[in-house]
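Chains as they are written, first to last, in our numbering: chain A, 228 to 351; chain B, 1318 to 1422; chain C, 3 to 492.
See below:
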């Protein structure tokens, strides 16, 4: 059982070894004593850094993120439902369909509410 | 061979880390992450018990149903919790627990 | 009739109100009246068809509709009704702290403020019937998450937000403890239903330490919800900061629903022959004693009326826990679960009366400090009288409802021979007389500044009258509620 984790261990060793060796080489080969403003600036894929290190995000991002979390997680119930649907629709009947529709309609009410309240509007 | 005890041990450690974080940390967001970790520890325990509690070769699905509900409840708690924390940050400009000390007596 | 229909109906009503809120152009008070009408219909349905409730076979595994469940469902509906009526009084304060500078209407937030309590009500009604760990968890969380929003509802008030954050963190902590405890109880017994767990506990062979660990975690999680010491730290702050109607809701509804679940869980753990029965009872007794002591002693020094009621709520939780722990006594004709139910029925009207007066006073510019209530008895004699009756009942004065509740608890403790807890209960009751009567004296003292007379709406006056009558009727003729409890069993 534990042997099956060996490749992961090897991969972890290689990954950390590569990072360590690269850092070590850059210290040894580079002229680390020479410093200037350009060298000390943050590295952003070769572009000149823009803005502050910790930009302030608009609160709109949080609202969208919250709504996303809320509507996203409901799939957790839909997957198992979809899988057992065919097996149970004959024994339980149409209740299994309508119970999920009830659940979805609750979400729909929440969605309409959020929409009308302007939570999805990006401008303003 | 990984047995039930291994899972219980890991989830116990996870729960203990979460609880310690809730008690010791001062940043409300960090506290919140620790709370989520406690719920994850409970989920791991449930799934482990379910997996090792076989009836007719099948795991006990009751526990897994509870896990689904825990995940959803955790998401709802996160959404509501973040909204409250953001609103608090707007009025106080801080997410340190030391900043919430108006109510005393 | 399937009792779940009432819950579903109320849930749909809540959703419709939420949906109507953004579309409505007229006064938001209409929504509150619709909610009140809906709750009255639900209450009538519950009362008229209470005896003929039957649960479908597919639901019997996790849902029960016995007398206890129906009683707590009634408590949930009545509390929600009272909360919405109090919210109407409190609406001006709510509006001030919810509406921004560019408020659309004069009643911002009132729509959500009446639909969320309906969701809480549904959660509490399901909690009353839950007999399965999953159902308990889901309904409890419906209540808790709705309460997070309600407590921090006044989003422009730093106090309300602070209360919200404190309730959020400690509520989530208790959820974590509860789920982890449930995971262990489930894992060890292999059962999710309380009946199955009870059987497994009776037939348990071997070491019972892990079981005790799980049971203790579950009790700790539920202890947070009903405000038992040492899990009571959130109570005073949250009670003070939350909008007053919600404080009342937390204090009565949340506690009652918590005790409904706690009754079933404790009965499962302490069933005859259970391997952890004795330890769980010990644990409950320790919690009860500490809760009575801490609640009552901390209340003495309070100067804020809401905080004082918070500590009083902790103290009452202690008496309720003590009643729950007296499982061995059979001398009293009334079982522990019924003592708890009776006590909560008496606790409901007196607590709501206090918060109704507080809400109306706050909405009309009077503060929540004790000293700003000075002279209330002279300015508004009827209101003062109602508050006096409520406080006397909270203290446990004979001929009021509170006296009968405390008496049952003290008798139960005597028959159980828990003399230490009995002593603590009596010390607590004596302390209660001191701090509740201090408030009554304040109401009738002469104020330093002149205050306006506090006015109430017609609905609030009706509620005031009904609750005062309930306190006195139960106090003089306690059989009234006992009949409800006993008759429903037969």
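Ideal Cβ positions, reconstructed from N, Cα and C, are used throughout, including at glycine.
Everything numeric in this text was worked out from a predicted model, so none of it was measured.
For residue 191 of chain C, the closest alpha carbon among the candidates B/1388, B/1415, B/1377 is that of B/1377. Within 7 Å of the CB of residue 303 of chain A, the CB atoms of chain B belong to 1385, 1388, 1389, in sequence order along the chain.
If you look at residue 66 of chain C, you'll find it isn't in any alpha helix (DSSP H); DSSP assigns it neither H nor E. Around residue 7 of chain C, the same chain offers no residue with a beta carbon nearer than 7 Å, after the five sequence neighbours per side are excluded.
For residue 1415 of chain B, no alpha helix (DSSP H) encloses it, and the DSSP letter there is neither H nor E. Spatial neighbours of residue 33 of chain C in its own chain (CB-CB distance under 6 Å, excluding positions within 5 residues in sequence) are listed in chain order as 19, 113, 116. Residues of chain A whose Cβ lies closer than 8 Å to the Cβ of residue 115 of chain C do not exist; the shortest such Cβ separation is about 14 Å. An exposed status is given to residue 1375 of chain B, since fewer than 16 other beta-carbon atoms sit within 10 Å of its beta-carbon. The C-beta of residue 24 of chain C comes closer than 7 Å to at least one C-beta of chain A.
If you ignore the 5 residues before and after residue 390 of chain C, its C-beta comes within less than 6 Å of the C-beta of 442, all in its own chain and listed in chain order.
Every alpha helix (DSSP H) stretch that sits fully inside the region 358-395 of chain C and reaches 4 residues is listed by chain position as 378-381.
Against residue 1399 of chain B, the close residues of chain A are 289, 293, in the order they occur along the chain (beta-carbon pairs closer than 7 Å). Ranked by Cα distance from residue 60 of chain C, the first of A/286, A/328, A/322 is A/322. One thing to note: residue 240 of chain C has its Cβ within 7 Å of the Cβ of residue 169 of chain C. Using a Cβ-Cβ cut-off of 7 Å, residue 17 of chain C counts as an interface residue toward chain A, since at least one Cβ of chain A sits closer than that to its own. About 6 Å separates the CB atoms of residue 289 of chain A and residue 1399 of chain B; that is less than 8 Å, so the two are in contact. Counting the other CB atoms within 10 Å of its CB gives residue 5 of chain C a total of 16 or more, which places it among the buried residues.
By the Cβ test, the region 150-162 of chain C is in contact with the region 224-244 of chain C, since at least three Cβ pairs between them sit closer than 8 Å. The C-beta of residue 431 of chain C has 16 or more other C-beta atoms within 10 Å across all chains shown, which makes the residue buried. Contact annotation: residue 323 of chain C and residue 290 of chain C have beta-carbon atoms nearer than 7 Å.
The region 171-179 of chain C makes no contact with the region 249-264 of chain C, as fewer than three CB pairs between them are under 8 Å. When DSSP assignments are scanned along the region 126-201 of chain C, the uninterrupted stretches of alpha helix (DSSP H) that are 4 or more residues long and fall wholly within it turn out to be 135-153, 160-191. Between residue 1405 of chain B and residue 251 of chain A, the alpha-carbon positions lie close to 45 Å from each other. Residues of the region 178-189 of chain C whose Cβ lies closer than 9 Å to any Cβ of chain B, in chain order: 178, 179, 180, 181, 182, 183, 184, 185, 186, 188, 189. In chain order, 386, 445, 446 place their CB closer than 6 Å to the CB of residue 379 of chain C, counting only its own chain and leaving out the 5 sequence neighbours on each side. Taking the Cα of residue 124 of chain C as reference, the smallest distance to any Cα among C/428, C/82, C/93 is reached at C/82. Pairwise C-beta distances place the region 1377-1393 of chain B in contact with the region 292-311 of chain A, as three or more of them are shorter than 8 Å.
Bounds of the alpha helix (DSSP H) holding residue 304 of chain A are 302-315.
In the DSSP assignment, residue 209 of chain C falls outside any alpha helix (DSSP H), carrying neither H nor E. Chain-ordered, the chain B residues with CB closer than 7 Å to the CB of residue 300 of chain A read 1388, 1389, 1392. Here the C-alpha atom of residue 251 of chain C lies approximately 27 Å from the C-alpha atom of residue 336 of chain C. Between the alpha carbons of residue 1331 of chain B and residue 236 of chain C lies a gap of roughly 25 Å. The criterion of a C-beta distance shorter than 7 Å is not satisfied by residue 1387 of chain B and residue 470 of chain C. Within a 10 Å sphere around the beta-carbon of residue 399 of chain C sit 16 or more other beta-carbons, which makes this residue buried. Annotated three-state conformation of residue 263 of chain A is coil, per DSSP.
When C-beta distances to chain C are compared with 7 Å, the residues of the region 1349-1375 of chain B below that value are 1352, 1355, 1356, 1358, 1359, 1362, 1363, 1366, 1370, in chain order.
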